[in-house]
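Numbering (our numbering) for the sequence shown: 11 to 401. Ideal placement from N, C-alpha and C gives every residue a C-beta, glycine not left out.
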Amino acid sequence: METSYIIIVLLLIVVGLLVSLVMKKPDNSHAEQVLWNMQKALGDSQQMTKEDICRNIMQLDNANSQNLKEIKDIVDRGLVSVRNETEKGIASVRGDLDKNLKEIKGVVDEQLQTVLEKRITASFKTVSTQLEQVYKGLGEMQALASDVGSLKQVLSGVKTRGVLGEYQLKSILVEILTTEQFEENVETVPNSGKRVEFAIKLPGMDGETVYLPIDAKFPMDSYNHLLEAQDTGDKALIDQAQKELENRLDGEAKDISTKYLAPPHTTSFAIMFLPIEGLYAHAVDSGMVERLQHKYKVNIAGPSTMAAMLNSLQMGFRTLAIQKRSSEVWKTLGEVKSEFIKYNAAMDALHKQFGQVTTKFDALVNTRTNVLMRKFRDVEAMPELEDNQDE
């Protein structure tokens with residue numbers, strides 16, 4: 011670095027000399043000689059400067075290379091140390107993390123296992139209970155389906171439907187009337203061989219019994235056809251089903267009128283019992299009640315109206331029984347009146363006797379009481395007499 015400074019100083023001196031020579035205007039040959047010498051010196055100086063600069067650059071390059079190598083070695087050693095420390099730290103952290111994770115995993119697994127066992131147990135218990143309820147419900151549904159199937163089979167047969175209608179009618183009769191007021195399977199028309207299911211016994215002329223025939227009819231198939239047609243909403247099907255049901259009821263009413271009505275052995279009308287309120291309501295709405303009553307003398311009754319009719323008949327039976335036994339009632343009242351007169355006379359005689367007894371009792375009590383009181387006074391006076399004698 012010092013050589014470079016020297017060269018720069020020499021260059022400045024040479025430049026100063028050149029300037030002074032130019033200003034003095036010397037001899038050309040001498041000047042040229044000097045200029046050439048100066049150029050040579052300048053060239054030598056430049057060469058030396060260049061060489062010095064190159065050497066300095068090489069030295070700097072070598073120094074920099076050495077420094078870079080040393081820095082690299084230091085950095086490498088530092089990086090290796092840092093890497094080793096980092097790896098050790100990471101290994102330590104990893105070990106701690108693994109240990110903590112294992113502990114956490116163990117705790118979580120234990121708690122999770124416990125919770126899962128509890129929840130699974132509770133879930134299985136709930137599912138088991140629900141399955142039991144489902145099985146129970148299925149059993150009940152199967153039983154219900156079986157019962158419905160049995161009922162459907164019962165209702166699908168004409169004979170069984172008739173038996174069901176008869177049973178319902180009989181239960182109503184037994185509930186309202188006494189067994190002496192109706193009969194079962196009665197031949198209402200003498201020598202006809204046709205027996206009606208039930209007949210109410212009404213009093214007739216000269217003590218004869220007049221029967222009121224009641225027959226249960228259950229046209230379930232025709233009624234179901236009507237309900238199915240109403241569900242479809244098809245007016246043509248509804249009209250057809252209504253016509254079918256009305257024809258069925260008309261035929262049943264005609265059958266009852268022909269077989270079981272024969273005045274004076276029976277009433278002038280009969281009753282056709284329909285076991286379903288909906289069926290009876292349709293008969294009322296369609297005007298079948300009035301038509302059949304006018305055409306065949308057959309009244310239609312449902313479960314509720316049948317009970318109302320029987321209650322009315324029961325009131326009539328009671329009124330008739332009172333009328334029939336009114337003479338007996340008056341006779342009994344006369345006997346009671348006679349007995350009451352005798353009772354009144356006996357009570358008067360007894361009262362008189364009680365009066366006499368009371369009078370005698372009072373006299374007896376007063377007399378005997380006075381006698382006893384005198385005796386008591388005499389007894390009290392005896393000690394006084396003894397004292398006087400001693401004195």
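Around the C-beta of residue i, are 16 or more other C-beta atoms found within 10 angstroms, so that it is buried, or is it exposed?
i, result
"H235", "buried"
"L141", "exposed"
"D86", "exposed"
"A311", "buried"
"D241", "exposed"
"G88", "exposed"
"T189", "exposed"
"M319", "buried"
Determine whether the beta carbon atoms of residue i and residue j lie at a separation below 8 Å.
i, j, result
"L255", "S232", "yes"
"P273", "F228", "no"
"A246", "E176", "no"
"A263", "L302", "yes"
"E197", "K204", "yes"
"I402", "A317", "Shown here, the chain extends from 11 to 401; a query on residue 402 therefore has no answer."
"H304", "V199", "no"
Give the straight-line distance between the Cα atoms of residue i and residue j, rounded to the nearest whole angstrom.
i, j, result
"T219", "K269", "18 Å"
"V308", "Y221", "14 Å"
"P223", "L289", "21 Å"
"S267", "Y306", "6 Å"
"A73", "S91", "26 Å"
"E207", "D244", "38 Å"
"K128", "P313", "59 Å"
"Q57", "T96", "55 Å"
"L165", "S278", "Residue placement at L165 is poorly supported in this model, since its pLDDT is 46, which falls under 50; the coordinates are not used for a value here."
"V137", "Y145", "12 Å"
"D2", "S75", "Lying outside 11 to 401, the shown extent of the chain, residue 2 is not represented and no answer is given."
"Q324", "T139", "56 Å"
"K60", "K82", "31 Å"
"V103", "R65", "54 Å"
Measuring CA to CA, which of the options is closest to residue i?
i, options, result
"A293", "H304, Q252, L174", "Q252"
"M282", "K112, A101, V299, D71", "V299"
"Q191", "T96, N321, Q57, S348", "N321"
"T315", "L179, H304, L78, I100", "L179"
"L187", "I210, M68, N195", "I210"
For a test of the three-state rule: what should DSSP assign to residue i, helix, strand or coil?
i, result
"A239", "helix"
"D244", "coil"
"T315", "helix"
"N309", "strand"
"E207", "strand"
Mind checking whether the beta-carbon of residue i lies closer than 7 Å to any heavy atom of the ligand ZN?
i, result
"L212", "Inclusion of the ligand ZN in the displayed structure is not the case, the ligand content being empty and no account of it being possible."
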